[in-house]
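Number of protein chains: 2
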Amino acid sequence: MSETAYLPAPNPDFMREAIRLSLAGMQAGHGGPFGAVVVKDGAIIARGHNRVLLTQDPTCHAEVDAIRKACQALGSFQLTGCDLYTSCEPCPMCLGAIYWARPARVFYANTKADAAAVGFDDQFIYEEIARPLEQRQLPMQQLLRDEAQVAFREWSERENKNLY
Amino acid sequence: MSETAYLPAPNPDFMREAIRLSLAGMQAGHGGPFGAVVVKDGAIIARGHNRVLLTQDPTCHAEVDAIRKACQALGSFQLTGCDLYTSCEPCPMCLGAIYWARPARVFYANTKADAAAVGFDDQFIYEEIARPLEQRQLPMQQLLRDEAQVAFREWSERENKNLY
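Protein chains in written order, with the numbering used here: chain E, 40 to 203; chain U, 40 to 203.
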């Protein structure tokens, strides 16, 4: 039996709350139609929705918003044992944020293809990130690696550092 | 002549400032050894460094921190015409944030292989994101797409919406 067999079944009501947030945020003019909740021990501990337009912060997607708030609620930068319910499959930025926050599972409703169909760039960004640097549309160039290595060497040599 | 030929040459002093921030943030215990600056019209408009441990926010990487601050400074969720200098090649979350913010160019010093060598998960996350959902180590499951589609349909039908 796999480890996940011991996890509770997904609760559709949590997804309905993420969907409700996606509608409410859009209707309020905060940003696109995206909502998310973080659940721990059967209860919602944080709610997020896209607030890119409200905050002028391009990183304030629903999942990032919910992850930040859940971490504040827990006093931890890790969402161990938590589930994330999001009204749409995460974009690469949000998926990266999810990996850093390390929840147990992710449930999503709309797909990234659905998001592309209503005008969001997720698919383009997925394709770009998978390409080698020199083949990306975004110009990326290396500078001063030798000087930057000083910080990495000092990090390596530090004792009792808090890894994340 | 390519379009980028008209852009100014990279300025090593901006990278040195990103490197200085990477060291200062680590030494202050704010997080890992990562710093970044956003430059517009030849001047730094925002500085960021990794503050994951200080803020308990797993999304507060140097680039995300610098992007958020630059957008606040400009009053815009877009970094049109800006350059981002970062002391390390961006992780997938930060690279996603960069694509959403749309700066003109990215300059980096350490590579993602360098980051992996000192204990950061960037390479693992790059590999995971490139995999189909069902092959990822993170369990991801779809729920209630039909209900979530309501928000996407409403978005599609909205007039004068602010696309981003």
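Just so it is clear, CB atoms sit at the ideal spot from N, CA and C, and this is done for glycine as well.
Predicted model only: the values in this text are computed from it and were never measured.
- Residue pairing of M179(E) in beta bridges, as defined by DSSP: V145(U).
- Nearest neighbour of G158(U) by Cα position, chosen from G71(E), I58(E) and S195(E), turns out to be S195(E).
- Residue environment analysis places T98(U) among the buried positions, since at least 16 neighbouring C-beta atoms fall within 10 angstroms of its C-beta.
- About 6 Å separates the Cβ atoms of G135(E) and G135(U), confirming a contact at the 8 Å cut-off.
- In the structure shown, K108(E) falls within a helical segment according to DSSP collapsed to helix, strand and coil.
- Taking 8 Å as the cut-off, the beta carbon of P171(E) is found no closer than this to the beta carbon of F191(U).
- Between I168(E) and the set R184(U), Y45(U), Q176(U) and K151(U), the nearest pair of CA atoms involves K151(U).
- Per the Cβ contact rule, the region 117–132 of chain E is in contact with the region 69–89 of chain E (3 or more Cβ pairs under 8 Å).
- Excluding five sequence positions before and after V78(E), the CB atoms of its chain that fall closer than 6 Å to its own CB belong to F53 and D122, given in chain order.
- Here DSSP, grouped into helix, strand and coil, assigns R197(E) to coil.
- Taken through DSSP and simplified to helix, strand or coil, T98(U) comes out as coil.
- Taking the beta carbon of I164(E) as reference, the chain U residues within 9 Å of it are L134, G135, Y138 and W139, listed in sequence order.
- Under DSSP, K79(U) shares a beta bridge with A82(U).
- Legend: CB atoms of the region 92–111 of chain U lying less than 9 Å from CB atoms of chain E belong to residues L92, T94, Q95, D96, P97, T98, C99, H100, V103, I106, R107, C110 and Q111.
- Scanning C133(E), L46(E) and A156(E) for the CA closest to the CA of I164(U) turns up C133(E).
- In the DSSP annotation of this structure, the continuous segment of the beta strand (DSSP E) that includes C127(E) starts and ends at D122 to C127.
- With a beta-carbon spacing of about 21 Å, Y45(U) and Q181(E) fall beyond the 8 Å limit used to define contacts.
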